[in-house]
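Peer 1: Structure below; questions to follow.
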Amino acid sequence: MARYFCFKEWRDRGLVARSASEAAGNYGRSPLVKYPAQDFTCPRVKATGLLFYDDLMSVIDDDDAGWQLYEEHWFGQFGTYKAKKHGRYLKLDAYETLFLMRHGGYKLNVKEARLVREAKKRRPDFLALYEVYEDFRMRGFVVKTGFKFGTHFRLYFPGASPKMADNEWMHSKHVIHVFPRSAKMLIGEWARAIRVAHGVKKTFILAIPGAEREAKAELDFLLYHREGGLPENPRKNKPKYAMLALSEEEEIGGEELARSIGKSKELGLDLLLAICDRETSVTCYRVKRIDLPKSKYEYYEIEWVQP
2 MARYFCFKEW RDRGLVARSA SEAAGNYGRS PLVKYPAQDF TCPRVKATGL LFYDDLMSVI
62 DDDDAGWQLY EEHWFGQFGT YKAKKHGRYL KLDAYETLFL MRHGGYKLNV KEARLVREAK
122 KRRPDFLALY EVYEDFRMRG FVVKTGFKFG THFRLYFPGA SPKMADNEWM HSKHVIHVFP
182 RSAKMLIGEW ARAIRVAHGV KKTFILAIPG AEREAKAELD FLLYHREGGL PENPRKNKPK
242 YAMLALSEEE EIGGEELARS IGKSKELGLD LLLAICDRET SVTCYRVKRI DLPKSKYEYY
302 EIEWVQP
């Protein structure tokens, strides 16, 4: 039923939707969103740290080393959040800790394998999230927790610093949700995370790490939009989107979604995810590919759109 109501939503607005089976060739209507990456050289950590298992955080009890990591590279939190003078320890989360162990020679009171083992007890997908953290960090981005925004990470572009300019804190404009290829999620839960991000005026980034797996790639419709205020039609125009129609209670896997995005990419179209809720109301999300230089993973901006 979701497929029908998503088709109906498009047609009720006077727009044309055709079966995806009619697709032919590459339509060239899927521009990349380019992100300004730059190479990052990790600093050497000249101090040892203590891991707190309950919190999955490590602490550096060395003012100079901690201050340098925080002020110059924005690793961890020195003192208290937005009040760095209220304390003298640098606190690092599990992703920052592992990154500095692997790239900065950071020495802990436990081995790397123990840290990973403890983290995976809490989060079986810990390494998938770490891969995304590491990928952005190695390209000059600052990656911090996205807890307040209902996502895994919040993202700052290269050059970001915890130093306040004109006594104003630097705010992130992007958040990242990691959806490993091996994972599955209810569409309703996934859509809620996007709406929370948009509600606080953040760009929602979907990360799909992991090796390719066998999965069926589906697209439902080719969508024609408007040109000069008038509806496009198949006789004169190219489709603008490829639609994947889903229901609120449906479950989708990371690999399935990645394959559908890949199929729309082959057609040169952005994917439009159309989600039909329990009252048959349809919400649409546009998926735009991100160009992150030298990255081996796939990232997409997802924005709420109206037909």
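Everything in the sequence shown is counted per the numbering used here, starting at 2 for the first residue and increasing by one. Glycine residues also receive a C-beta, built at the ideal position from the N, C-alpha and C atoms.
With distances taken from CA atoms, which of 3, 11, 2 is nearest residue 306?
Peer 2: Nearest option by C-alpha distance: 11.
Peer 1: Helix, strand or coil for residue 134, going by three-state DSSP, please let me know.
Peer 2: In the structure shown, residue 134 sits in a helix (DSSP, three-state: H, G or I).
Peer 1: For residue 163, collect the residues of the same chain with a Cβ closer than 6 Å to its Cβ; drop the 5 residues on either side in sequence, then sort them by chain order.
Peer 2: If we look at residue 163 and ignore the five residues flanking it on each side, its Cβ neighbours are 75.
Peer 1: Just grab the DSSP bridge partners of residue 277 for me.
Peer 2: Looking at the DSSP assignment, residue 277 forms a beta bridge with 248, 283.
Peer 1: Please state the DSSP three-state secondary structure of residue 19.
Peer 2: DSSP places residue 19 in strand when its eight states are reduced to three.
Peer 1: What span of residues does the alpha helix (DSSP H) with residue 26 cover, start to end?
Peer 2: Note, residue 26: premise wrong, no alpha helix (DSSP H); not H, not E.
Peer 1: Decide if residue 100 is buried, meaning its Cβ has at least 16 other Cβ atoms within 10 Å, or exposed.
Peer 2: Per the 10 Å Cβ criterion, buried.
Peer 1: Apart from the five residues on each side of it in sequence, which residues of its chain come closer than 7 Å, Cβ to Cβ, to residue 222?
Peer 2: Result list for residue 222: 8, 18, 19, 20, 21, 244, in chain order.
Peer 1: Which residue wins for smallest C-alpha separation from residue 339, given the options 249, 131, 196?
Peer 2: Any property of residue 339 remains undetermined from this structure, which presents the chain solely from 2 to 308.
Peer 1: Is residue 242 helix, strand or coil by DSSP?
Peer 2: DSSP places residue 242 in strand when its eight states are reduced to three.
Peer 1: What are the boundary residues of the beta strand (DSSP E) that residue 304 is part of?
Peer 2: Segment 299-306, the beta strand (DSSP E) holding residue 304.
Peer 1: Taking all protein chains shown into account, do 16 or more other C-beta atoms lie within 10 angstroms of the C-beta of residue 255, making it buried, or fewer, making it exposed?
Peer 2: Classification for residue 255: buried.
Peer 1: Just reading off the beta strand (DSSP E) that residue 58 is part of, what are its end residues?
Peer 2: Element bounds for residue 58: 58-61.
Peer 1: How about residue 227 and residue 233: are their beta carbons less than 9 Å apart?
Peer 2: For residue 227 and residue 233, yes; Cβs fall inside 9 Å.
Peer 1: Taking the alpha-carbon positions, what's the residue 200 to residue 150 distance?
Peer 2: So the alpha carbons of these two residues sit roughly 9 Å apart.
Peer 1: Taking the alpha helix (DSSP H) that residue 221 falls in, what are its first and last residues?
Peer 2: Where residue 221 is concerned, there is no enclosing alpha helix (DSSP H), given that its DSSP letter is neither H nor E.
Peer 1: If residue 90 sits next to residue 105, beta carbons under 8 Å apart, how far is it from one beta carbon to the other, in whole angstroms?
Peer 2: The pair is not a contact, with the Cβ atoms about 18 Å apart (cut-off 8 Å).
Peer 1: Per DSSP, what are the beta-bridge partners of residue 127 in this structure?
Peer 2: Answer is none; residue 127 lacks a bridge partner.
Peer 1: How many whole angstroms separate the CB atoms of residue 70 and residue 34, which I take to be in contact at a CB cut-off of 8 Å?
Peer 2: Rounded, the Cβ-Cβ distance is 31 Å, inconsistent with contact.
Peer 1: Give me, in chain order, the residues of the same chain whose beta-carbon lies closer than 8 Å to that of residue 4; leave out the 5 immediate sequence neighbours on both sides.
Peer 2: Only 221, 246 meet the Cβ criterion.
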